[in-house]
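Student: According to the working numbering, the sequence shown is numbered sequentially starting from -6. Sharing a structure here in structure tokens format.
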Amino acid sequence: MKRFSFVALLLFAFTCSISAQLTFSFNDMVNTRRVSDPQLSPDGRMIAYSMGIVDKAANKALTQIYTMSIDGTNQRAITSGTSSSSSPRWSPDGRHIAFATGGQIWTMEPDGDDKEQITKISSSASQPVWSPDGKRIAFVSTRDNPPGLVGIWLVRPDGTDLRQVVPGGG
């Protein structure tokens, strides 16, 4: 019986020490980087993804776009600034990434250079997707739609030929 009590006490102490090590504090939560939306490059060598980080000094969370090699090396932020950037999408030829920032659709090279604003609309644009031939970018926007509804829009990568193809609400 003494041996059983000793083993039970030992297990209890071990369990308490493990649970003390696994305590997740508010600071842990704030310092956690949240990755999402991974997109493989067409050649399969790179991954573009979004990562959210809390900026305690500015008292806000920001999401930026990163790239890295598929082996996990060469991680690099390719967007920065005071606006969140999200929804990275590789062009079919792998030479550009479309993304959303500041309520607009932009493109850039995979290293973050040559950023170009594609849309210049008065309401939010997000979730860009390239056509398979790379000649159009589809996205959603609340522009010209009833409040709370989004429509699907198309635009050429140079920003021309903007048109709504599906109105909000179907």
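Beta carbons are placed, not taken as given, at the ideal position from N, Cα and C, and that holds for glycine.
Does the region 44 to 52 touch the region 86 to 102, meaning 3 or more C-beta pairs lie closer than 8 Å?
Tutor: Touching, no.
Student: Count the other CB atoms within 10 Å of the CB of L3; is the residue buried (16 or more) or exposed (fewer)?
Tutor: Position 10 of the sequence shown, counted from the first residue, corresponds to residue 3. Since pLDDT at L3 reaches only 49, below the 50 mark, its modelled position is unreliable, and the value read off the structure follows with that caveat. Result: exposed.
Student: Okay, do the region 120 to 133 and the region 51 to 60 touch, 3+ Cβ pairs below 8 Å being the bar?
Tutor: No: fewer than three Cβ pairs fall under 8 Å.
Student: DSSP puts F122 in a beta bridge; with which residues?
Tutor: The residue labelled residue 122 in the question sits at position 129 within the sequence shown. Here residue 122 turns out to be Val, not Phe, going by the sequence shown. Bridge partners of V122: A131.
Student: Reducing DSSP to helix, strand and coil, say where V148 ends up.
Tutor: As a working note, residue 148 is residue 155 in the sequence shown. Looking at V148 - three-state DSSP - the assignment turns out to be strand.
Student: Specify, as a first and last residue, the run of the beta strand (DSSP E) that V158 falls within.
Tutor: Here residue 158 refers to the residue found at position 165 when the sequence shown is read from its first residue. Segment R156 to V159, the beta strand (DSSP E) holding V158.
Student: Please classify V158: is it buried, with 16 or more other beta-carbons within 10 angstroms of its beta-carbon, or exposed?
Tutor: The residue labelled residue 158 in the question sits at position 165 within the sequence shown. Answer is exposed; the Cβ neighbour count stays below 16.
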